[in-house]
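Heads up: the structure comes next, in structure tokens.
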Ligand SMILES: [Zn+2]
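Residue numbers (this note's numbering): 28 to 472.
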């Protein structure tokens, strides 16, 4: 199967060029002036901008246990519609912490996913840390742990995990919020009888993230570990990471569309629908995160797709502690970054492409197979129409849960066509992929 993509506007070394992309047997055969006369399919990309398929390094697909919220097929359909062609599924309520469990989860993905995928293992603690070596051998070399409840690992455990992941050339991926500070706040709020949505914001204010990040950076420096910090939400985190990188600590960090576009104030209107961990912060934090993306302090943007059903959110109007924490985001990640980032002058196209394509592929070891448009790479591409404006409606998106935190937002810049290893898997609103075509991607191989 040979495909010619004509008139593609792409970035090469941050420069805009017009090129033809020739795809053969799922791989990029050439990028440049060359044209061919024999092909099976021709795609005219004249009206769009061509990006490498996005690599989303943190998404909860809830499969196989909580498929009322999302599953591999449905979640990766939403991903394809959003221009995402690789996903790293993030463990949540169902443990993926032994080689056996990792293999089982890979099977589920191979049967049900529409796009290529990898996994983070977790939630790691002292007991299951003995499995790290065996799991790493399968190619899952990112291990998630928490410095706070509900998967709290204490300082000793975090350092022990760092030693173990480092010994197996793997990444320790940390949800960094400080349990001691958070718990003090929680006890006070509960004693005051607070159950309103704003109480969630007061539970984990900025110092909670700041304190945990300071600590894990210090540990990583001591152990010489490879540290990745999930979903940062504060200006303080950006400052600490900038400093750590200057001091050559081996740390990478991600933020998410919601921390770049929404603040705690939006909870006034949307209440429990915006309950998430970490919680939303302020405009000051949001702008600091954009500046971190611009100067390279923040390495990548992940969707942190974590849908919950409406009913699981609605209970939070009365009692915020009972509401599901998380938002569906995978399908709108790219349109949101284009609209709020590129179109508002907060980020260049070159930088945007780095943080959603190249960097996640590099950080988790899929580069240059994924995350770039060059000869020999997988033909994972997304043709984006930068001019199309569309009002976001939960019902129009592919999520099972039927809602979005961006309801009613007018976003400009939408994927028109998504290609995975040479096959068109999404075009003009239609999902064209079938389950069973996805491949598991081992990290760093
Ligand atoms: Zn998460």
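C-beta: ideal position from N, C-alpha, C; glycine also.
Predicted model, so just to flag it, every value in this text is computed and none were measured.
Would residue i and residue j qualify as a contact pair, given that the criterion is a beta-carbon distance under 8 Å?
i, j, result
"residue 139", "residue 224", "no"
"residue 158", "residue 119", "no"
"residue 282", "residue 325", "yes"
"residue 323", "residue 265", "no"
"residue 49", "residue 35", "no"
"residue 202", "residue 184", "no"
"residue 406", "residue 470", "no"
"residue 425", "residue 108", "yes"
"residue 66", "residue 29", "yes"
"residue 286", "residue 258", "yes"
"residue 240", "residue 267", "yes"
"residue 256", "residue 280", "yes"
"residue 468", "residue 99", "no"
"residue 430", "residue 421", "yes"
Does ligand 2 have even one heavy atom less than 7 Å from the beta-carbon of residue i?
i, result
"residue 257", "With respect to small molecules bound, the structure shown includes ligand 1 and not ligand 2."
Starting from the C-beta of residue i, find all residues in its chain whose C-beta is less than 8 Å away, skip the five residues before and the five after it, and write them out in chain order.
i, result
"residue 401", "55, 58 and 395"
"residue 269", "319, 322 and 324"
"residue 252", "189, 190, 192, 193, 199, 246 and 277"
With a CB to CB cut of under 7 Å and the five nearest residues on each side skipped, what residues in its chain are close to residue i?
i, result
"residue 428", "96, 334, 335, 336, 337 and 355"
For residue i and residue j, I'd like the C-alpha separation in whole angstroms.
i, j, result
"residue 459", "residue 147", "27 Å"
"residue 43", "residue 339", "45 Å"
"residue 231", "residue 204", "8 Å"
"residue 166", "residue 160", "10 Å"
"residue 242", "residue 206", "12 Å"
"residue 274", "residue 415", "43 Å"
"residue 121", "residue 89", "8 Å"
"residue 450", "residue 77", "15 Å"
"residue 39", "residue 363", "23 Å"
"residue 299", "residue 344", "6 Å"
"residue 455", "residue 444", "7 Å"
"residue 419", "residue 296", "17 Å"
"residue 457", "residue 249", "50 Å"
For residue i, which residues from the same chain have a beta carbon less than 6 Å from its beta carbon, with the 5 sequence-adjacent residues on both sides left out?
i, result
"residue 342", "349 and 350"
"residue 219", "none"
"residue 442", "110, 409 and 411"
When burial is assigned at 16 or more other CB atoms within 10 Å of the CB, is residue i buried or exposed?
i, result
"residue 215", "exposed"
"residue 197", "buried"
"residue 448", "buried"
"residue 435", "exposed"
"residue 64", "exposed"
"residue 379", "buried"
"residue 154", "exposed"
Pair every Cβ in the region 348 to 368 with every Cβ in the region 57 to 67, then say whether three or more of these pairs are closer than 8 Å.
These segments do not touch.
Count the CB pairs spanning the region 102 to 109 and the region 120 to 135 that are closer than 8 Å, and state whether there are at least three.
Flag = no, the region 102 to 109 and the region 120 to 135 do not touch.
Is the region 379 to 393 touching the region 307 to 315, taking contact as three or more C-beta pairs under 8 Å?
Because the criterion of three Cβ pairs below 8 Å is not met, the region 379 to 393 and the region 307 to 315 do not touch.
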